[in-house]
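These notes are about the structure you will find just below.
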Amino acid sequence: MLTAHHSLEDNTVTDKDIDEFRRAFSDAKPLKVEDRVPETKPKPKPRARFSRADEREVLQESLQDDIDTIEHGYGAALRFHRASVGKRTMRKLARGGYSVQAEIDLHGMTLAEAKPRLEDFIDYCAMQGHLCVRIVHGKGLGSGNRGPVLKNAVNRWLRRWETVLAFVSTRQVDGGTGAVYVLLQKV
9 MLTAHHSLED NTVTDKDIDE FRRAFSDAKP LKVEDRVPET KPKPKPRARF
59 SRADEREVLQ ESLQDDIDTI EHGYGAALRF HRASVGKRTM RKLARGGYSV
109 QAEIDLHGMT LAEAKPRLED FIDYCAMQGH LCVRIVHGKG LGSGNRGPVL
159 KNAVNRWLRR WETVLAFVST RQVDGGTGAV YVLLQKV
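Using the numbering used here, the letters of the sequence shown correspond one by one to residues 9 to 195.
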């Protein structure tokens with residue numbers, strides 16, 4: 009509030025100014041803590057999900073030319089076992105003879121999303137002492153002419169992890185060729 013005795017260029021504060029200010033705000037009350045609007049902080053910049061080392065690993069995996077990279081078609085059954093796993097154990101696994109103690113559904117995820125989730129799942133289940141788990145990877149019907157991308161990736165990944173003793177496509181009632189039973193080594 010400007011009074012007649014002040015000009016805009018006058019920056020001095022007088023006792024009269026202070027009295028006028030106090031009278032103008034005499035009925036003002038401080039805000040309660042819960043009535044205050046919280047200060048909003050700017051959202052952090054998104055970070056890349058993969059480091060350069062991770063990107064190199066994915067590239068190396070895709071370039072490897074060994075038995076692990078055999079591509080399977082939509083309806084092909086997956087089957088793998090280490091030398092320590094006998095035929096009777098594999099038959100029991102294929103028949104769904106082991107109780108599935110945990111499962112994860114990866115289908116619909118990208119490779120970049122699926123791999124870390126699957127790694128965490130396998131590590132957790134092995135540490136929990138789970139013997140048999142089910143992984144749903146899907147049949148790859150939504151992948152178009154690229155074939156079952158996630159199914160083939162899961163096939164490669166599982167073969168490379170030491171805690172995986174064996175895996176086989178599930179019975180039809182549990183997903184058929186769109187899922188696998190996995191036999192784990194206890195950690």
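Backbone N, C-alpha and C define an ideal beta-carbon position, used for all residues, glycine too. If you're wondering where the values come from, they're calculated on a predicted model, not measured in any experiment.
Q.
Buried or exposed for Ile-112, going by 16 or more other Cβ atoms inside 10 Å?
A. Walking along the sequence shown from the start, residue 112 turns up at place 104. The residue in question, Ile-112, is buried, as its Cβ has 16 or more Cβ neighbours within 10 Å.
Q: Could you check the C-alpha separation between Ser-34 and Thr-20 for me, to the nearest Å?
A: Locating residue 34 in the sequence shown gives position 26, counting from the first residue. Locating residue 20 in the sequence shown gives position 12, counting from the first residue. Cα to Cα, Ser-34 sits roughly 22 angstroms from Thr-20.
Q) Roughly how many whole angstroms lie between the Cα atoms of Ala-102 and Val-157? A) What you label residue 102 is simply residue 94 of the sequence shown in a count that begins at 1. What you label residue 157 is simply residue 149 of the sequence shown in a count that begins at 1. Approximately 23 angstroms, taken between the alpha carbons.
Q: State the start and end residues of the unbroken alpha helix (DSSP H) segment that holds Ala-120.
A: For the purposes of this step, residue 120 is identified with residue 112 of the sequence shown, where counting begins at 1. Element bounds for Ala-120: 119 to 135.
**Q.** Local conformation of Asp-35 per DSSP, three classes
**A.** Start at 1 with the first residue of the sequence shown, and residue 35 comes out as number 27. Three-state DSSP puts Asp-35 in coil, outside helix and strand.
Q) By a C-beta neighbour count over all protein chains shown, 10 Å radius and 16 as the cutoff for buried, is Ala-36 buried or exposed? A) For the purposes of this step, residue 36 is identified with residue 28 of the sequence shown, where counting begins at 1. With fewer than 16 Cβ atoms within 10 Å of its Cβ, Ala-36 is classed as exposed.
Q) Taking just the CA atoms, how far does Arg-31 sit from Asp-25? A) The residue given as residue 25 occupies position 17 in the sequence shown. The residue given as residue 31 occupies position 23 in the sequence shown. Going by the C-alpha atoms only, they are around 10 angstroms apart.
Q | Closest residue to Asn-160 among Glu-170, Thr-22, Thr-118 and Leu-173 (Cα-Cα distance) | A | Counted from its first residue, the sequence shown places residue 160 at position 152. Nearest of Glu-170, Thr-22, Thr-118 and Leu-173 to Asn-160, Cα basis: Thr-118.
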